[in-house]
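Enquirer:
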Amino acid sequence: MEEARGSLEVLNKVFDNMFLKSSIFRNRDALRHDYIPNHLPHRENEIKYVGEVVAPLLLHNKASNLFIYGKPGTGKTAVIRFVFNALSKKANELRANIKCVLVNSRLEGSEYRILASISRQIGLSIPFTGLATAEVFRRIVNHIKANNLYLLVALDEIDVIVKKEGENLLYELSRINENFSSHRVSFIGISNEITFKQILDPRILSTLSEEELVFKPYSSDELFDILMERAREAFHNGVCDPSVIRYIAALSASEHGDARRALDLLRVSAETAERGGKREITVECVQEALRKIERDQVNEVIRTLPIQSKVLLISILKNLRNPSAQHTSGEIYTEYRSLVTNLGLESLTDRRLSSLLNELESAGIISSKIVNMGRYGRTKKYSLSVPQAHIVEALKEGDLLNGLLE
DNA sequence: CGTCCACAGGAATGACGGGCGG
DNA sequence: CCGCCCGTCATTCCTGTGGACG
């Protein structure tokens, strides 16, 4: 009882703290990546270009389809969000019947779910399973007809879904206007890979890519401007010295030029300072934040891994600790099998393990390279791409796998 | 110069949860 | 309610392959 009251007091204090003024943050949301600032530094030209492409929609005329290329964190999605916001607002004023829809193909994961997401955003609810993809497509067409809609659809990270499931969806979408007597649907395709153009059917490319726009990575100076602008909104005066922003900008530019990750780093640095009871963000906060971001990423990925993948990951760790091992697929499969029977779990096939290894690799936990040993076959060799201690720590967290790592 | 290893990875298959029309 | 169709995920089957060895 005594203890319970103590816990309650602690909890109440945590809740009360939410209402206290932070000594660091003025507006925490300004650093989230779905936050749309009213100014996007160094993307004025891109915004203007996209604006010019979509503007005819306001008169219910045909807008050219647009394809956008650029590395992660170069502002592609931010620019689209920005333009969509403004376009929707203007469309309301003008009583134009325009709907703007943004779908992340990678997050949706399949053609069906992409279509379902588009449906939902135009106010048409679709069951999450059970229907044929073609049926969802048909319902969207009917909904557009019935409500006399004009649609602007942005397909983010479209390269991912095409690689996974082929060009079927893009082909169908590129012909969707044949269902209407006038032009109703325009597209903006967004791809992280410039080379995407080369794998796409030229017929699809020519309809979907009437206009083209490439986003270059931000330089250190540009990142500085972006961070400064957001910092002004996010922090109280004097909390964040420009020299610290300069440091984050330089670090991010040399590593990836990714504005989203730079903003994350700034936010986590600020949180670090706040937790440490400091009144301003220091370079040490940034360095600690760097470590924390990596740790958290690894932790999050591993924590949510299915049990079989965790066992597989332990097999890899064990194999890597064995000094005489070659770290090949075969060795890891063998290690896995002995481990999995000990645990009383069902053993997966090598083929399945190979897929799981690929998933671990694309999650950034491990990396592999194909190795030819001639007479002795052809395999992959694996290594960790994050510190081993982070993985061990994440695996141990409240799990039944304790003790397996000797 | 052909063989053959040790796998990779594409394609087919099965199991399952779910919607639809009748 | 039934029989049918669908997408999704895990599994199985099977073909393909770069290059050291003999």
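For the first sequence, the positions run 208 to 613 when my numbering is used.
From the three backbone atoms N, C-alpha and C, an ideal C-beta is built for every residue, glycine too.
When you compare the segment 268 to 281 with the segment 418 to 431, are there three or more beta-carbon pairs, one atom per stretch, that lie closer than 8 Å?
Expert: They touch, by the three-pair rule.
Enquirer: Would you report the Cα separation of LYS576 and TYR589, rounded to the nearest angstrom?
Expert: Sequence index remark: in the first sequence, residue 576 carries index 369 (1-based). Sequence index remark: in the first sequence, residue 589 carries index 382 (1-based). Each residue's Cα considered, the two are about 7 Å apart.
Enquirer: Runs of 4 residues minimum, wholly inside the segment 279 to 312: which ones carry the alpha helix (DSSP H) assignment?
Expert: Runs found: 283 to 301.
Enquirer: Specify the secondary structure class of PHE422 as computed by DSSP and reduced to three states.
Expert: Translated into the one-based positions of the first sequence, residue 422 becomes position 215. In the structure shown, PHE422 sits in a strand (DSSP, three-state: E or B).
Enquirer: Is there contact between the segment 286 to 298 and the segment 444 to 462, where contact requires at least three CB pairs shorter than 8 Å?
Expert: No, they do not touch.
Enquirer: MET208 to VAL221, Cα distance in whole Å?
Expert: Taking the first residue of the first sequence as position 1, residue 208 is located at position 1. Taking the first residue of the first sequence as position 1, residue 221 is located at position 14. Because the pLDDT at MET208 is just 49, under 50, the model does not fix this residue reliably, and the value given afterwards should be weighed accordingly. Rounded to whole angstroms, MET208 to VAL221 spans 20 Å at the Cα level.
Enquirer: Taking the alpha carbon of ASN252 as the reference point, which residue from LEU546, VAL261 and VAL286 has its own alpha carbon closest?
Expert: Looking up residue 252 in the first sequence gives position 45. It is VAL286.
Enquirer: State the Cα-Cα distance for the pair VAL475 and LEU266, rounded to the nearest angstrom.
Expert: In the first sequence, the residue the question calls residue 475 occupies position 268. In the first sequence, the residue the question calls residue 266 occupies position 59. Taking the straight line from one Cα to the other gives about 44 Å.
Enquirer: Going straight from the alpha carbon of MET580 to that of THR586, what length do you get?
Expert: Translated into the one-based positions of the first sequence, residue 580 becomes position 373. Translated into the one-based positions of the first sequence, residue 586 becomes position 379. Distance between the alpha carbons of MET580 and THR586 is about 8 Å.
Enquirer: Starting from SER590, trace the beta strand (DSSP E) both ways and give me its first and last residue.
Expert: Locating residue 590 in the first sequence gives position 383, where the first residue counts as 1. SER590 -> beta strand (DSSP E) spans 585 to 591.
Enquirer: Are the segment 430 to 447 and the segment 460 to 473 touching by the rule of at least three beta carbon pairs closer than 8 Å?
Expert: These segments touch.
Enquirer: Under 8 Å, with one C-beta from each stretch per pair, do the segment 484 to 500 and the segment 532 to 541 reach the 3-pair mark?
Expert: Counting Cβ pairs under 8 Å, fewer than three are found: no touch.
Enquirer: How would you call GLU236, buried or exposed, if buried means at least 16 neighbouring beta carbons within 10 angstroms?
Expert: By one-based count along the first sequence, residue 236 stands at place 29. Per the sequence shown, the amino acid found at residue 236 is Asp instead of Glu. Exposed, since its Cβ has fewer than 16 Cβ neighbours within 10 Å.
Enquirer: For my contact list, ARG391 and LEU356 are in at a C-beta cut-off of 8 Å; report their separation, rounded to the angstrom.
Expert: Counting from 1 along the first sequence, the entry for residue 391 is found at position 184. Counting from 1 along the first sequence, the entry for residue 356 is found at position 149. Yes, they are in contact, since the Cβ atoms of ARG391 and LEU356 sit about 7 Å apart, within 8 Å.
Enquirer: Report the option in LEU552, ILE368, LEU430 and ASN565 whose CA atom is closest to the CA atom of LEU407.
Expert: Here residue 407 is taken as the residue at index 200 of the first sequence, counted from 1. Selected option, being the one with the closest Cα: ILE368.
Enquirer: Suppose the cutoff is 6 Å on Cβ atoms and the five residues either side in sequence are ignored; what does the same chain contact list for HIS249 look like?
Expert: Here residue 249 refers to the residue found at position 42 when the first sequence is read from its first residue. These residues qualify, in order along the chain: GLU429.
Enquirer: Would you mind reading off the limits of the alpha helix (DSSP H) that contains LYS370?
Expert: Against the first sequence, residue 370 aligns to sequence position 163. First-last of the alpha helix (DSSP H) with LYS370: 365 to 372.
Enquirer: Among GLU491, GLN504 and LEU567, which residue has its Cα nearest to the Cα of ILE514?
Expert: Here residue 514 refers to the residue found at position 307 when the first sequence is read from its first residue. Of the listed residues, the one whose Cα sits closest to ILE514 is LEU567.
Enquirer: Can you find the residues in the same chain that come closer than 6 Å, C-beta to C-beta, to LEU563, ignoring five residues on each side of it along the sequence?
Expert: As a first step, residue 563 must be located in the first sequence, where it is residue number 356. Correct list, in chain order: SER516 and LEU519.
Enquirer: Where do the N-terminal and C-terminal ends of the beta strand (DSSP E) with TYR191 fall, by residue?
Expert: With the chain covering 208 to 613 only, the question about residue 191 has no answer from this structure.
Enquirer: So what does VAL360 bridge to, in DSSP terms?
Expert: As a position in the first sequence, residue 360 is number 153, starting the count at 1. According to DSSP, VAL360 bridges with VAL308 and PHE394.
Enquirer: Taking DSSP as the reference, what is the three-state secondary structure of LYS485?
Expert: On the first sequence, position 278 is the one that residue 485 refers to. Residue state, collapsed to three classes: coil.
Enquirer: What does the alpha-carbon distance come out to for the pair ILE573 and ASN304?
Expert: Counting from 1 along the first sequence, the entry for residue 573 is found at position 366. Counting from 1 along the first sequence, the entry for residue 304 is found at position 97. When rounded, the distance between both Cα atoms is 48 Å.
Enquirer: Helix, strand or coil, according to DSSP, for ILE455 in the structure here?
Expert: Residue numbering aside, residue 455 sits at position 248 when the first sequence is read from its first letter. Reduced to three states, the DSSP call for ILE455 is helix.
Enquirer: Terminal residues of the continuous beta strand (DSSP E) containing VAL260?
Expert: If you number the first sequence from 1, residue 260 lands on position 53. Per DSSP, VAL260 belongs to no beta strand (DSSP E); it is in the alpha helix (DSSP H), 251 to 261.
Enquirer: I think SER393 touches ALA270, with their Cβ atoms under 8 Å apart; what is that distance to the nearest whole Å?
Expert: As a working mapping, residue 393 is identified with position 186 in the first sequence. As a working mapping, residue 270 is identified with position 63 in the first sequence. The Cβ separation is near 4 Å, so the contact holds.
Enquirer: Judging by CA-CA distance, which residue of THR340, VAL593 and LEU550 is the nearest neighbour of ARG502?
Expert: Residue mapping note: residue 502 aligns to position 295 of the first sequence, counting from 1. Ranking THR340, VAL593 and LEU550 by Cα distance to ARG502 puts VAL593 first.
Enquirer: In whole angstroms, what is the alpha-carbon distance linking LEU486 and SER230?
Expert: For the purposes of this step, residue 486 is taken as the residue at position 279 of the first sequence. For the purposes of this step, residue 230 is taken as the residue at position 23 of the first sequence. The question names Leu, but residue 486 is Arg in the sequence shown. Going by the C-alpha atoms only, they are around 6 Å apart.
Enquirer: Along the alpha helix (DSSP H) that carries ILE572, what are the first and last residues, could you check?
Expert: On the first sequence, position 365 is the one that residue 572 refers to. That residue, ILE572, is in no alpha helix (DSSP H); it is neither H nor E in DSSP.
Enquirer: Could you name the residues that DSSP lists as bridge partners for ILE577?
Expert: For the purposes of this step, residue 577 is taken as the residue at position 370 of the first sequence. Answer is LYS587, bridged to ILE577.
Enquirer: Is ASN549 buried or exposed, if buried means 16 or more other CB atoms sit within 10 Å of its CB?
Expert: Taking the first residue of the first sequence as 1, we reach residue 549 at position 342. So ASN549 ends up on the exposed side.
Enquirer: With a 10 Å radius around its C-beta and 16 neighbouring C-beta atoms as the bar for buried, classify LYS603 as buried or exposed.
Expert: Within the first sequence, residue 603 is the residue found at index 396, counting from 1. Classification for LYS603: exposed.
Enquirer: Once the 5 residues before and after LYS297 are set aside, which same chain residues still bring their CB inside 7 Å of it?
Expert: In the first sequence, residue 297 corresponds to position 90, counting from 1. Excluding residues within five positions, the ones whose Cβ falls inside 7 Å are LEU265.
Enquirer: Across which residues does DSSP place PHE232 in a beta bridge pair?
Expert: Mapped onto the first sequence, residue 232 falls at position 25. Its beta-bridge partners are PHE442.
Enquirer: State the Cα-Cα distance for the pair SER214 and ASN444, rounded to the nearest angstrom.
Expert: As a working note, residue 214 is residue 7 in the first sequence. As a working note, residue 444 is residue 237 in the first sequence. Roughly 35 Å between the two C-alpha positions.
Enquirer: Roughly how many whole angstroms lie between the Cα atoms of MET225 and ILE433?
Expert: The residue given as residue 225 occupies position 18 in the first sequence. The residue given as residue 433 occupies position 226 in the first sequence. Their Cα atoms are separated by approximately 28 Å.
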